[in-house]
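Those letters in the sequence shown? Residues 53 to 424, per this note's numbering, in order.
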Amino acid sequence: MPKIMLVTNEDTGHYLHRLPLARALQKDGHEVVLVSPFTKYADQLINEGFRCVNWNLSRRSLNPFSELKAILSLAGIYRREKPDIVQHFTIKPILYGPIAARLSNHPKYISTFTGVSFPFTDTRLSKQFRPFLSLVLGRFLKNKNSHTIFHNPDDQKHLIKLNLTDQKSSSVILGGGVNTEKFQPGPPAKESKNLVVLMASRLIQEKGIYEYAEAGKILQAKGKKAEFWHIGGEDEGSLVPISQQEKSTYEHSINFKGHIDDMPSILSQVDIVVLPSYHEGLPRFLLESASAGLPIVTTNVGGCKYVTKDGINGFLVPVKDINLLASSIETLIDDAALRKKMGQESRRIAIEEFEETFITGQYLKVFENLLA
């Protein structure tokens, strides 16, 4: 039985994003081992039938000694476990995993970019780290024992342009798919109630929370009968988190509801979804919202534009364009027939292009080819 190891930077990633893939691999006859720091979801993952191996890694640390220790720790895990293939998710596992594989003489690996953001943006901090990133990625991504997966074509083209990968050793799989049976359209909205607009994301600036708050403020000043909700917790591991002071300034227009696991229930109460992110791989929130039959307003970046067809199931707006964001939301608030029509298109797109079994089948094909 081939042993497959999935490695990420926190157990939330395994539980909220990788479970369908892990289940599909297990069903396909593979032994699946999950590796990450485990702080929240170990019991749930063990109950699913997966073995969990703890990796001592800090998402925020930039201390070279701590990072070297993390690499050596991961190499030790590979030596003990002897996996046939390892799949790395998020930037530190993508960077450290191939080094650990080389140190341990194991294994074949898949690097999965769920989004190309911080490492290759034009911020001062990312520019400081780019030479190291380019050195490591350029050496290990174009390797006969490896394959690189991107969640949208834009990210693939960007790294090919940087000469960090090529068409032969990489492919595009549009996200992780969505369970269209689990996420279904809710009941029609009652005319007497305020409409609910929802954004779901981690509490970091680059998700566009400021723009969402300002758009809500504009529409509330116009007397629009809509509530603006936000679902999602603080991201203590982020290098650019939103401070409590910043959050408090947004509360004049946003109802922050914190982290909620039951997204199908939340989406059944919602009329419009919004994600004004600065960059994305393929946002799970938009996939779930589309499957739930909701119209979408999002930015014209990365994977957002592959879920949202402008004028068909929602609207695409430029990054940081608060006025166009507000007017697009306003158009949907004012037009119930348009909300219904775009919601139906969202549901169709989710079923035809992003159904979970269809997407996970593409991952299984990559594993099959690498094992051959």
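Cβ atoms here follow ideal geometry from the backbone N, Cα and C, with glycine treated the same way. As the structure is a prediction and not an experimental result, all values here were calculated from the model.
Using CA atoms only, rank isn't needed, just tell me which of the options is closest to residue i.
i      : options                        : result
Val85  : Leu114, Arg111, Pro54, Gln321  : Pro54
Gly227 : Lys357, Arg112, Gln78, His304  : Lys357
Thr217 : His304, Asn61, Pro239, Leu193  : Leu193
Ile428 : Cys104, Ser113, Lys144         : This structure leaves residue 428 out entirely; the chain is present only between 53 and 424.
Pro347 : Pro237, Ser110, Lys213, Leu109 : Pro237
His199 : Thr164, Phe90, Lys144          : Thr164
Ser329 : Tyr67, Gly101, Glu263, Gly413  : Glu263
Leu422 : Lys209, Lys160, Ser343         : Lys160
Val249 : Gln96, Lys209, Arg391, Gly167  : Arg391
Glu62  : Thr91, His82, Ile225           : Thr91
Met251 : Leu327, Lys309, Arg132         : Leu327
Val418 : Leu271, Ser222, Arg154, Lys276 : Ser222
Val349 : Arg336, Gly363, Arg132         : Gly363
Ala265 : Ile294, Thr301, Lys234, Gly167 : Thr301
Arg191 : Lys213, Leu147, Gln208         : Leu147
Glu100 : Leu338, Arg154, Arg70          : Arg70
Pro239 : Lys299, Leu319, Arg254         : Leu319
Thr360 : His82, Leu339, Arg131          : Leu339
Thr142 : Ala153, Gln272, Thr64, Thr383  : Thr64
Glu420 : Lys393, Phe367, Asn197         : Asn197
Could you spell out where the alpha helix (DSSP H) holding residue i opens and where it closes?
i      : result
His210 : 205-213
Asn375 : 374-386
Phe117 : 116-133
Phe337 : 336-343
Leu193 : From DSSP, Leu193 is part of no alpha helix (DSSP H); its letter is neither H nor E.
Lys144 : 143-156
Phe410 : 408-423
Tyr264 : 261-273
Quick one: is residue i buried, meaning 16 or more other Cβ sit within 10 Å of its Cβ, or exposed?
i      : result
Gln321 : exposed
Asn115 : exposed
Asn365 : buried
Gln96  : exposed
Ile312 : exposed
Ser380 : buried
Lys245 : exposed
Asp207 : buried
Phe367 : buried
Do residue j and residue i count as a contact pair if the criterion is CB distance below 7 Å?
i      : j      : result
His203 : Leu334 : yes
Val325 : Thr351 : no
Ser317 : Gly268 : no
Pro145 : Met57  : no
Glu408 : Pro72  : yes
Ala342 : Ala388 : no
Leu247 : Asp323 : yes
Val230 : Pro205 : no
Arg131 : Ser156 : yes
Gln257 : Ile201 : no
Ala273 : Ile385 : no
Glu382 : Leu271 : yes
Glu298 : Leu255 : no
For residue i, which residues of its own chain have a beta-carbon under 7 Å away from its beta-carbon, when the five flanking residues on both sides are left out?
i      : result
Asn108 : Pro89, Ala122, Ser125
Ile495 : Since the displayed the chain opens at 53 and closes at 424, residue 495 lies outside it and no answer follows.
Gly345 : Pro237, Gly395, Gln396, Ser398, Arg399
Gly149 : Val59, Leu126, Val138, His140, Tyr161
Lys309 : Trp281, His282, Ile283
Gly413 : none
Lys259 : Ser253, Ser329
Asp80  : Leu416
Going along the chain, which residues of its own chain have a beta-carbon closer than 6 Å to the beta-carbon of residue i, five neighbours each way excluded?
i      : result
Leu177 : For Leu177, the predicted structure reports a pLDDT of 49, less than 50, and the residue's modelled location is therefore unreliable. The matter cannot be settled from this model.
Ile151 : Ile123
Pro167 : According to the sequence provided, residue 167 is Gly. The question's Pro does not apply to it. So the list reads Glu332, Gly333, once near-sequence residues are dropped.
From what residue to what residue does the beta strand (DSSP E) around residue i run?
i      : result
Gly366 : 366-369
Asn106 : 103-106
What does a CB cutoff of less than 8 Å around residue i pick up in its chain, not counting 5 residues either side in sequence?
i     : result
Gln78 : Val84, Gly101, Phe102
Tyr67 : Lys92, Tyr93, Gln96, Leu97
Ala74 : Leu58, His66, Val84, Leu86, Glu100, Phe102
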